[in-house]
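Using the numbering used here, read the sequence shown as starting at 13 and increasing by one per residue.
Using N, Cα and C, we set each Cβ at its ideal position, and we do this for glycine too.
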Amino acid sequence: MEILRELEKNFWIVYLLLIAILAYQFADIAVTVVKLETASSFGIQNKGKSKNKGNNTESSNTSSTKYSNIINNDIFNTSKKTPDVIKTEETLKVDINNLDSIPLSNSGLVLLGTSTSEKGEKIALIKNKSEVAVYHLKEQTPAGKIDKILRRAVIFNNNGKAEKIVLDTAPPKIKEAKEAKSTQEIKGINLFSAKEIDKTIRRSDIQLENISELMTQVKMTPFYVDGRNSGFLISQIKPESVFAKLGIMNGDVIEEVNGRKIEIPEKAYDLYKDLMNEEKISVMIRRRNEHMVINYRLTD
Numbered sequence: 013m014e015i016l017r018e019l020e021k022n023f024w025i026v027y028l029l030l031i032a033i034l035a036y037q038f039a040d041i042a043v044t045v046v047k048l049e050t051a052s053s054f055g056i057q058n059k060g061k062s063k064n065k066g067n068n069t070e071s072s073n074t075s076s077t078k079y080s081n082i083i084n085n086d087i088f089n090t091s092k093k094t095p096d097v098i099k100t101e102e103t104l105k106v107d108i109n110n111l112d113s114i115p116l117s118n119s120g121l122v123l124l125g126t127s128t129s130e131k132g133e134k135i136a137l138i139k140n141k142s143e144v145a146v147y148h149l150k151e152q153t154p155a156g157k158i159d160k161i162l163r164r165a166v167i168f169n170n171n172g173k174a175e176k177i178v179l180d181t182a183p184p185k186i187k188e189a190k191e192a193k194s195t196q197e198i199k200g201i202n203l204f205s206a207k208e209i210d211k212t213i214r215r216s217d218i219q220l221e222n223i224s225e226l227m228t229q230v231k232m233t234p235f236y237v238d239g240r241n242s243g244f245l246i247s248q249i250k251p252e253s254v255f256a257k258l259g260i261m262n263g264d265v266i267e268e269v270n271g272r273k274i275e276i277p278e279k280a281y282d283l284y285k286d287l288m289n290e291e292k293i294s295v296m297i298r299r300r301n302e303h304m305v306i307n308y309r310l311t312d
């Protein structure tokens, strides 16, 4: 009786032990069955391999024959396909001694001049509508990429076609320098090899407070000829500025003032202050590769 009472008290413990024993037995049986199945299938597979060895060789030959037919027939037309080639940009082959054979560009660009920078790089001064800018070789423009910069022409690569713009050789309509003027009146300037313009300017119209005010009215870029500084290229002139009142145009190169060379903007401003007390100022400029002299008479 005591044993039954103890079993009643610990019924759930006994029940769990029985379930654990049964689960262990079932797991052991399952492992044994899996081992037997694996061994039997492995043996059958080996037998199948030995029996069908000849058949597989024949099948392999047949398959390779089928694939070789596809390859030989080239059903995807692979033989005519060529690998992608990265096209490198090449310089146009043009005869620079026969520029007449190269058509003019219809881009509307105007060549104002060409030169060589201090580093030996060729540059071109080009006007696009109202804007004037300095361009270098291989630089992109509305007419195409610059291929060559010559003394009086620029050749563009316009989608593989050579086109050009040339420097206007017609001289400006201004009077010739008078032989009556002495070369000492305008120091260092040979009047007989340049054109001449006379202008009268009021001092109050060209007053500047400082160099900062000067630099906000215009862009000044060093201009080189044969590697030497030949003055400053003037561009981006603001309307009603001192340069506009002086008659200086975008693309002009200011080379000398009263025979004194202009090499840095600060020097130009110092010279400007000195000349404000003078009655006459003469400026040597290069316009469209032609030298000219502008004589200013200052009035109060």
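Query raised in the report: Which residues in the same chain have their Cβ closer than 8 Å to the Cβ of D40, if we skip the five residues on either side of it in sequence?
Result: none
Query raised in the report: Can you find at least 3 beta carbon pairs, one from the region 152-163 and one from the region 264-278, that sit closer than 8 Å?
Result: no
Query raised in the report: To which residues of the same chain is K199 closer than 6 Å at the C-beta, ignoring the five residues directly before and after it?
Result: Low local confidence applies: a pLDDT of 39 at K199 is under 50, so the model's placement there is unreliable, with the coordinate-based value given in what follows. Closer than 6 Å at the Cβ level, and outside the excluded window around K199, lie N270, G271.
Report task. Could you check how far apart the C-beta atoms of I293 and D264 are, in whole angstroms? I think they sit under 8 Å. Result -> Going by Cβ atoms, the distance from I293 to D264 rounds to 15 Å, so no, they are not a contact pair.
Query raised in the report: If you scan the region 209-272 from start to end, which runs of the alpha helix (DSSP H) of 4 or more residues do you find wholly inside it?
Result: 223-229, 254-258
**Report entry** Nonlocal neighbours in the same chain, by C-beta distance under 6 Å from S142, ignoring five residues either side
**Finding:** none
Query - Rounded separation between I138 and L123 - CA only - result: 5 Å
Query raised in the report: How should Y147 be labelled, buried or exposed, when 16 other C-beta atoms within 10 angstroms of its C-beta is the threshold for buried?
Result: buried
Query raised in the report: Smallest Cα separation from Q248: which of M296, A145, D112, S242?
Result: A145
**Report entry** CB contact flag (R207, M304, <9 Å)
**Finding:** The sequence shown places Lys at residue 207, not Arg. Yes.
Requested in this report: Name the two residues that bound the continuous beta strand (DSSP E) containing N170.
Outcome: 165-170
Query - Residues near K211 by beta carbon distance below 8 Å, same chain, minus five either side - result: L258, G259, I306, N307, Y308, R309
Query - 9 Å Cβ cutoff met for P115 and K176 - result: yes
Query raised in the report: Span of the beta strand (DSSP E) holding N109?
Result: First-last for N109: undefined, no H or E at that position.
Query raised in the report: Less than 9 Å separating the beta-carbons of I218 and F244?
Result: no
Requested in this report: Report the rounded CA-to-CA distance for N171 versus N118, giving the unit in angstroms.
Outcome: 14 Å
Query raised in the report: DSSP puts E302 in a beta bridge; with which residues?
Result: R299
Query raised in the report: Where do the ends of the beta strand (DSSP E) carrying E175 lie?
Result: 173-178
Query raised in the report: Does the separation of the CB atoms of L220 and N169 fall below 9 Å?
Result: no
Query - Whether S242 touches S113 by CB criterion (9 Å) - result: no
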